[in-house]
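Residue numbers (the working numbering), protein chains in the order written: chain A, 4 to 149; chain E, 660 to 1040. One structure is given below, encoded as structure tokens.
Structure (structure tokens):
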């Protein structure tokens, strides 16, 4: 089995306990941003720290990407015959921030605003060493609210 | 009373023009604007030019004539044209010059805009992951909006069908074939709930506007149109914007609301005084949401307005009379100026089969684009 590698370790860390997103927390006002940046858009302060964001949240907005994105920059499948539509949404992480991410679900009848979601990863392509390059995604929580 | 008038307008047809560069289309628009105002290029004292993908605008002087004028390039996303106009307006307001131009042109590759972003370090994870598509934002925003405000997918189809109907009467438009609501609904689903014909396409074209001191406007035209306000605003904390890897938990109003309020305040009028409006319709949902964000109706009221045809050319509040972005496509640098061009035609009474009845007096334009910027103008005659 091939190893998984993150598309970019500075935003997505693959830990032994699963994937984690790396964000920013403002020490002055508590605001969170993803990914990490050096200043706070809420209070304009710059006393900020890196944090690992939560892995569970609720779906706030969504769509389905119905056509292959352009490559570059896209690293996934762009052949129109092989491309499979995928969900994209904002997932609200309680007390932190809404993160834009791919969704593992791409059936519009199975996506509902407010549904519970968990962080996971999806494969994009092979890297130069034959590893599976992955990016972050959210999937409907297994406890389910269908 | 405004101190700035639009005294000449010129446009190069929008669409696809093989073998004609974006800049040449801009230069053709400039010559047409000069002819419209009865001036020559050498009379123009200054220009602001915008293009996002078709070269540095100021190099067009080599085609138009090296007269030594002040020429400043503007690049501000989808508000590039609006920003050029804003800058030209303020240059005349300041008293620095009496006669100048706002110019916009572009020429984009086919398909959705390619957005490549720079990560703080390492690979472009945002575009690489299959996000960073403007189309996704529009799908997500209208999808949520429809649920919150009881807007149907039929309304989205009505907007697109209206655009194509209006475009079919516009010789400058790219898409000039009317489409039924059913054809719109049945076209390919690109970004749920938006289908192919609900989206505009990146395209080509050029627009040039000649601005003059209002007290000198009658030297150039018997039908001056006065610029009552020109406003550009960026986003504030809490707004839901295109190409945002994260959003705050707080949910607030976007830059369109701010730009609209400021423009009305500057003009000293309100939404009820507007007779015709060109609102950013990069897709059908944008027109629907922008009707409310610009203050022309309550959220949710669009459903009945569209059903009753109130935004048609003959309706109570005509919107996107030239077919908007949906029928004209979006050459980013020219798009906002195209809206102003159409409004000048409408206020002069020169819009031909698209003419809004009963001599419109006040006209409104609005653009919106990445990364959360809006530009509004209010014109009157």
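All C-beta atoms, glycine included, are put in the ideal place defined by N, C-alpha and C.
C-beta neighbour in chain A for residue i, strict 8 Å
| i | result |
| --- | --- |
| residue 850 of chain E | yes |
| residue 808 of chain E | no |
| residue 782 of chain E | yes |
| residue 795 of chain E | yes |
| residue 819 of chain E | no |
| residue 835 of chain E | no |
Cross-chain neighbours of residue i in chain E, by beta carbon under 8 Å
| i | result |
| --- | --- |
| residue 117 of chain A | By Cβ distance, chain E contributes nothing, its closest Cβ being about 10 Å from residue 117 of chain A, past 8 Å. |
| residue 92 of chain A | 799 |
| residue 142 of chain A | By Cβ distance, chain E contributes nothing, its closest Cβ being about 15 Å from residue 142 of chain A, past 8 Å. |
| residue 101 of chain A | 905, 906, 907 and 908 |
Boundaries (first-last residue) of the alpha helix (DSSP H) holding residue i
| i | result |
| --- | --- |
| residue 63 of chain A | Here residue 63 of chain A belongs to no alpha helix (DSSP H); instead the beta strand (DSSP E) covers 59-68. |
| residue 30 of chain A | First-last for residue 30 of chain A: undefined, no H or E at that position. |
Cβ-heavy atom distance, residue i to the ligand GDP, below 7 Å
| i | result |
| --- | --- |
| residue 957 of chain E | This structure simply doesn't include the ligand GDP, nor any ligand for that matter. |
Within chain E, the residues that residue i reaches when beta carbons sit closer than 9 Å
| i | result |
| --- | --- |
| residue 95 of chain A | 906 and 908 |
| residue 49 of chain A | Neighbours of residue 49 of chain A on chain E: none; closest Cβ ~15 Å, over 9 Å. |
| residue 105 of chain A | 788, 789 and 790 |
Counted within 10 angstroms of its Cβ, other Cβ atoms place residue i as buried (16 or more) or exposed
| i | result |
| --- | --- |
| residue 11 of chain A | buried |
| residue 939 of chain E | buried |
| residue 1012 of chain E | exposed |
| residue 755 of chain E | exposed |
| residue 910 of chain E | exposed |
| residue 113 of chain A | exposed |
| residue 149 of chain A | Unreliable placement is indicated for residue 149 of chain A, whose pLDDT of 44 sits below 50; no coordinate value is reported for it. |
| residue 1008 of chain E | exposed |
| residue 671 of chain E | buried |
| residue 983 of chain E | buried |
| residue 896 of chain E | exposed |
| residue 779 of chain E | exposed |
| residue 695 of chain E | buried |
| residue 975 of chain E | exposed |
| residue 800 of chain E | buried |
Contact set between residue i and chain A, taken where Cβ atoms lie within less than 8 Å
| i | result |
| --- | --- |
| residue 802 of chain E | 64, 65 and 66 |
| residue 847 of chain E | 69 and 70 |
Within-8 Å CB hit, residue i to chain E
| i | result |
| --- | --- |
| residue 5 of chain A | no |
| residue 16 of chain A | no |
| residue 33 of chain A | no |
| residue 135 of chain A | no |
| residue 147 of chain A | Caution is warranted here: a pLDDT of 49 is assigned to residue 147 of chain A, below 50, making its placement in the model unreliable, and the coordinate value is therefore given only provisionally. Not closer than 8 Å to any Cβ of chain E, the Cβ of residue 147 of chain A fails to qualify, so no. |
| residue 36 of chain A | yes |
| residue 12 of chain A | yes |
| residue 73 of chain A | yes |
For residue i, the first and last residue of its enclosing beta strand (DSSP E)
| i | result |
| --- | --- |
| residue 705 of chain E | 705-709 |
| residue 872 of chain E | 863-872 |
| residue 123 of chain A | 119-129 |
| residue 1033 of chain E | 1032-1039 |
| residue 732 of chain E | 729-733 |
| residue 633 of chain E | No statement about residue 633 of chain E is possible, as the shown extent of chain E runs from 660 to 1040 and does not include it. |
| residue 677 of chain E | Where residue 677 of chain E is concerned, there is no enclosing beta strand (DSSP E), given that its DSSP letter is neither H nor E. |
Neighbour list for residue i in chain A, Cβ cutoff strictly below 7 Å
| i | result |
| --- | --- |
| residue 707 of chain E | Residues of chain A passing the Cβ test: none, with the nearest at roughly 29 Å. |
Neighbour list for residue i in chain E, Cβ cutoff strictly below 7 Å
| i | result |
| --- | --- |
| residue 78 of chain A | 787 |
| residue 28 of chain A | Under the 7 Å cutoff, chain E gives no residues; its nearest Cβ is about 12 Å from residue 28 of chain A. |
Every unbroken beta strand (DSSP E) within the segment 77-116 of chain A, with a cutoff of 3 residues, ordered by chain: 89-96 and 100-106
Could you tell me which uninterrupted alpha helix (DSSP H) segments, each at least 4 residues in length, are contained entirely in the segment 923-966 of chain E, listed from first to last along the chain? 943-952 and 961-966
Which full runs of the alpha helix (DSSP H) of 4+ residues lie inside the segment 755-832 of chain E, going along the chain? 784-787, 793-808 and 812-826
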